[in-house]
Amino acid sequence: MADRLHLPKVRRFCFHRAAEIQTSATERRNAVSYCTTILGKDADLYRQAQAGDGEGLAQLMRSHEGLVHHIVRQQWRGRLSYEEAIHAGRVGLWRAILGYDPERGDAFPSYASVAIARQLWRAVKEAEREEEIAVAFTLSTPSLAAEAEGVGWEVEATLYALVGRLPVKQRWVVSSYYGLDGWGGCTLAQLGEQLGCSR
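In our numbering, the protein residues as written are 136 to 334.
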């Protein structure tokens, strides 16, 4: 008994309480009936939320929001921002509410903790996968940019060759309108003035 006095106050209380419950079968039965009463009240709310009641779902989401923050602070790793991690945790909580079966006897926070952590890790993996794809794309981008530049030069050379085959007046109109002469494009009204034409 003397060595138990050195334990922190909370642990001592829990130890004594556990010893009392272990020795008293009536207290254990009372604790179980209390838990099932609470479970009975909440079970209706879970069933309503699972049936599509938005208000019940919102109430459960609000009441377990702290659990989401707790799990995210415990398990937040990877390249997700805190807001993205909280969002993933809320998705996990939502899935937990919709998938929870109160008849199985599991406590909802235990069930939801696993679902929240699983969704959080799924989001982390997805973010890492997106980053790998982005890195792979940027590694191949210089070659794509070089190819695009080469194709651009080919198109431009072909365009100038085709415009060069036009009669002089048409070549001047196309070059001036599209800015192929290096001065930028002209409007049709400006071209009409220079050619002495009216609309």
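Glycine included, every Cβ here is placed at the ideal spot set by N, Cα and C. Given the structure is predicted, the values throughout are model-derived calculations rather than measurements.
Cβ neighbour criterion (16 or more within 10 Å) applied to residue i
{"i": "Y295", "result": "exposed"}
{"i": "G227", "result": "buried"}
{"i": "Q325", "result": "exposed"}
{"i": "N165", "result": "Residue confidence is low: N165 scores 40 on pLDDT, short of 50, so the model does not pin down where it sits. Its coordinate-derived value is still stated next. It is exposed - the Cβ of N165 has fewer than 16 other Cβ atoms within 10 Å."}
{"i": "I268", "result": "exposed"}
{"i": "S248", "result": "buried"}
{"i": "Y313", "result": "exposed"}
Option in the options with minimal Cα separation from residue i
{"i": "R230", "options": "Y181, R300, L301", "result": "Y181"}
{"i": "H199", "options": "S245, D188, S216", "result": "S245"}
{"i": "Y330", "options": "G287, D316, W307", "result": "First, the residue type needs correcting, since residue 330 is Leu and not Tyr in the sequence shown. Looking at the Cα atoms, W307 is the closest of the given residues."}
{"i": "P237", "options": "V207, D177, F272, V270", "result": "D177"}
{"i": "L202", "options": "A252, G187, R239, V286", "result": "A252"}
{"i": "I206", "options": "R214, E265, E190, A250", "result": "A250"}
Contact check, residue i vs residue j, beta carbons under 8 Å
{"i": "L255", "j": "A223", "result": "yes"}
{"i": "S311", "j": "V298", "result": "no"}
{"i": "A258", "j": "E289", "result": "no"}
{"i": "A184", "j": "I232", "result": "yes"}
{"i": "R208", "j": "A262", "result": "no"}
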